[in-house]
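First the structure, in the form of structure tokens, and then the observations on it.
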Amino acid sequence: MHFHIITLFPEVCKTYTDASVLGRAQKTEKGKGAKVRGKKIAVDYYNPRDFSTNKHKKVDDRPYGGGPGMVMTAEPILKAWQKAVGRKKDQKKVKTLIMSPRGTVFTNELAKKYAKKYDHLVLISGRYEGIDHRVKKALKAEEVSVGDYVLTGGELPAMAIIDATSRQVPGVLGTFESLEDERVSSGEMYTRPDTVEFKKKKLKVPKVFLSGHHKEIEEHRKKQG
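Under this note's numbering, the first residue of the sequence shown is numbered 73, with each subsequent residue one higher.
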């Protein structure tokens with residue numbers, strides 16, 4: 073799957089997407105023998121300033137009708153989108169999202185849908201007071217929210233969506249069982265050592281987890297919810 077991030081701060085996003093699971097998923101790796109494992113995802117960045125015709129590379133202006141703050145102008149974003157996916161033959165495989173606290177609430181079900189239905193996901197990360205509404209209209213973009221709160225910019229929501237959606241792409245995670253939503257899980261998890269001392273108190277792992285009886289352990293986890 074190919075992610076395209078339109079952002080004024082690509083360096084902020086790249087630090088995250090190049091690390092850990094997402095970083096490995098973007099690499100071509102050699103397996104045993106001559107077998108080569110291809111990339112599972114790709115991530116590209118497009119800075120609206122690179123598409124601005126303003127001599128100072130300005131990408132914001134005052135809103136029509138008055139109001140506080142500045143609004144990101146439409147043309148640089150539209151040009152960035154055109155560069156990213158505008159020439160793709162099958163536009164049905166392209167999904168464009170605008171990060172917005174007013175949008176559809178992002179869920180794991182949406183992540184599964186994106187991974188299954190689309191080859192290209194464009195994430196537009198706004199700043200200032202928002203984005204010229206003509207961007208949404210022209211690109212038939214969907215506004216998406218990661219929570220009922222307002223952030224300084226759309227970069228963090230974009231990273232959350234990329235992370236969650238990438239996990240649904242076959243081969244990104246080591247095994248299918250690594251998908252938490254496909255197995256029984258609870259907040260009650262332990263590892264070695266079986267006793268940890270903190271402030272003169274001994275914190276022990278419950279005996280059921282040391283028993284080796286997997287059925288009893290799963291039942292315990294279900295009860296804990």
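All residues carry an ideal CB built from backbone N, CA and C; glycine is no exception.
Rounded C-alpha distance that separates Asp116 from Gly138: 35 Å
Any 3 or more C-beta pairs closer than 8 Å across the stretch 138-147 and the stretch 165-180: no
Residue interval of the alpha helix (DSSP H) (run including Lys295): His286 to Gln296
Beta-carbon gap between Leu169 and Ile233 smaller than 8 Å: yes
Burial state of Glu227, where buried means 16 or more other Cβ atoms lie within 10 Å: buried
Reduced DSSP category for Asp204 - H, G, I as helix; E, B as strand; rest coil: In this structure, Asp204 counts as coil in the three-state DSSP scheme.
Closest Cα partner of Glu181 within the set Ala236, Val222 and His205: Ala236
Nearest neighbour of Asp204, chosen from Phe75, Gly219 and Glu147 [CA to CA]: It is Glu147 whose Cα lies nearest to the Cα of Asp204.
Neighbourhood of Lys276 by C-beta distance below 7 Å, restricted to the same chain and skipping five residues each side: Result list for Lys276: Asp266 and Thr267, in chain order.
Contact check, His128 vs Lys160, beta carbons under 8 Å: Contact flag unset, no.
Within the stretch 197-245, ranges of the alpha helix (DSSP H) (whole runs, at least 4 residues): 205-211 and 227-238
Identity of the residue in Thr224, Leu282 and Leu211 nearest Leu80 by Cα: Thr224
Sequence-distant residues of its chain with Cβ nearer than 7 Å to Val280 (five each side left out): Glu288, Ile289 and His292
Per DSSP, cross-strand counterpart(s) of Val280: DSSP output for Val280 lists no bridge partner at all.
Boundaries of the alpha helix (DSSP H) in which Gly175 is found, first to last residue: Here Gly175 belongs to no alpha helix (DSSP H); instead the beta strand (DSSP E) covers Val166 to Val177.
Backbone CA spacing between Thr263 and Gly284 [nearest angstrom]: Just so you know, the alpha carbons of Thr263 and Gly284 end up roughly 14 Å apart.
Range covered by the alpha helix (DSSP H) that runs through Val186: Correcting the residue type first, residue 186 is Tyr in the shown sequence and not Val. Segment Asn180 to Lys189, the alpha helix (DSSP H) holding Tyr186.
Exposure of Phe52, with buried meaning 16 or more beta-carbon neighbours within 10 Å: Residue 52 lies beyond the residue range present for the chain, which begins at 73 and ends at 297; the question has no answer from this structure.
Inter-residue CB distance, Glu201 and Ser172 (contact presumed, cutoff 8 Å): Contact between Glu201 and Ser172 is ruled out by a C-beta separation of about 12 Å, above the 8 Å threshold.
Proximal residues to Cys85 (C-beta, below 7 Å), its chain only, five neighbours per side dropped: Result list for Cys85: Ile77, Thr79, Tyr117, Glu227, Ala230 and Met231, in chain order.
Leu80 in three-state terms, based on DSSP: coil
Close Cβ partners of Phe123 (< 6 Å) along its chain, the five nearest in sequence each way excluded: Pro148, Lys151 and Ala152
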